[in-house]
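Undergrad: Below are the structure tokens for one structure; questions will follow.
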Amino acid sequence: PLCPLLEAVPRQGFGWMDGFLAGPEADVVRARVLELWTNGDLNEGEVEGGNKQHLRSDRYLFMEEDDPAVAPFTRRLDQLVLSIAKEV
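In our numbering, the protein residues as written are 6 to 93.
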């Protein structure tokens with residue numbers, strides 16, 4: 006059987022996982038992202054090819070894997086992606 010996340014996405018267009026991170030872990034990740042945003046460390050999202058206007062509102066940053074604030078999140082996300090890859 007598919008995991009609940011995979012069942013929800015085609016039906017609703019989105020999904021979520023309760024308990025993916027514990028509250029304190031999520032708070033640490035949030036604080037780190039807000040710190041990066043406040044410091045101006047996040048890059049503007051890009052549109053490939055053609056006119057390079059400011060069309061996107063997202064921001065991104067390629068981070069080192071050993072950032073202690075986001076390590077629990079990235080580790081769990083890697084595990085989730087690997088488990089989903091086995092089911093699709």
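Just so you know, even glycine gets a beta-carbon here, dropped at the ideal spot from N, CA and C.
(1) In terms of alpha-carbon separation, which member of A36, S62, L85, R64 lies closest to G24?
(2) How about G63 and G50: do their beta carbons lie closer than 9 Å?
(3) Could you give the first and the last residue of the continuous alpha helix (DSSP H) run that contains E40?
(4) Could you please give me the residues that DSSP links to E92 through a beta bridge?
(5) Going by C-alpha distance, which of R35, P73, L66 is nearest L47?
(6) Indicate whether the contact test is met: 3 or more Cβ pairs, each with one atom in the stretch 7–23 and one in the stretch 69–76, closer than 8 Å.
TA: Taking the structure as given:
(1) Residue L85 is the option with its Cα nearest to G24.
(2) Checking the displayed sequence, the identity of residue 63 turns out to be Asp instead of Gly. At a Cβ-Cβ threshold of 9 Å, D63 and G50 count as neighbours.
(3) That run of the alpha helix (DSSP H) goes 28–43.
(4) According to DSSP, E92 bridges with nothing at all.
(5) Nearest option by C-alpha distance: L66.
(6) No, the stretch 7–23 does not touch the stretch 69–76.
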